[in-house]
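A.B. asks: One structure, as structure tokens, below. Some questions next.
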Amino acid sequence: MIGWSGAAECSVPEEDGGKFYNACTVFAPNGSMLMKYRKIHLFDIDVPGKICFQESKTLSPGSTMCTFDTPYCKIGIGICYDMRFAELAQIYTKRGCQLLVYPGAFNMTTGPAHWELLQRAR
Ligand SMILES: NC(=O)CCC(=O)C(=O)O
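The opening position of the sequence shown corresponds to residue 136 in this note's numbering, with each subsequent residue numbered one higher.
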């Protein structure tokens, strides 16, 4: 949850035109949907004996960045693995975002080594 009057943030599966996306929606205090972000960078990894995860086998990538204004600041959205890509954060910053939100579920093989560092870097 993003902490302003009813704005909701999480990442959910979305179907659109026969394609599936990992999507994050944000709602205004009046309940209307402000924006929808679809995860741009899909997580495909194969660490032999540890983890094999291929999001691109079932999901399509999003192609649009999403920002929205709140009474406090402008916010930019990414999802999980998107946090590994500095360019997204750099563009959001150039567009005036003061807060970046990445709903995520990092895995325990590749995640712990980087997630705190990535958050500090962004
Ligand atoms: N579902 C994801 O995007 C997981 C990303 C992750 O675990 C990582 O290490 O990056």
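Ideal Cβ positions, reconstructed from N, Cα and C, are used throughout, including at glycine.
1) Looking only at its chain, what residues have a beta carbon closer than 6 Å to the beta carbon of Gly213, apart from the 5 residues adjacent to it on each side?
2) Three or more C-beta pairs closer than 8 Å, one from the region 144-154 and one from the region 177-187: is that the case here?
3) Counting along the chain, where does the alpha helix (DSSP H) carrying Tyr227 start and finish?
4) Could you pull the start and end residues of the beta strand (DSSP E) that Leu234 belongs to?
5) In whole angstroms, what is the alpha-carbon distance linking Lys154 and Thr228?
6) With H, G and I counted as helix, E and B as strand and the rest as coil, what does DSSP make of Arg173?
C.D. replies: Once the coordinates are examined:
1) For the purposes of this step, residue 213 is identified with residue 78 of the sequence shown, where counting begins at 1. Excluding positions up to five away in sequence, the list reads Leu223, Tyr237.
2) no
3) Counted from its first residue, the sequence shown places residue 227 at position 92. Segment 221-229, the alpha helix (DSSP H) holding Tyr227.
4) As a working mapping, residue 234 is identified with position 99 in the sequence shown. Segment 232-236, the beta strand (DSSP E) holding Leu234.
5) Sequence index remark: in the sequence shown, residue 154 carries index 19 (1-based). Sequence index remark: in the sequence shown, residue 228 carries index 93 (1-based). Cα to Cα, the separation comes out at about 30 Å.
6) For the purposes of this step, residue 173 is identified with residue 38 of the sequence shown, where counting begins at 1. Note: Arg173 maps to strand in three-state DSSP.
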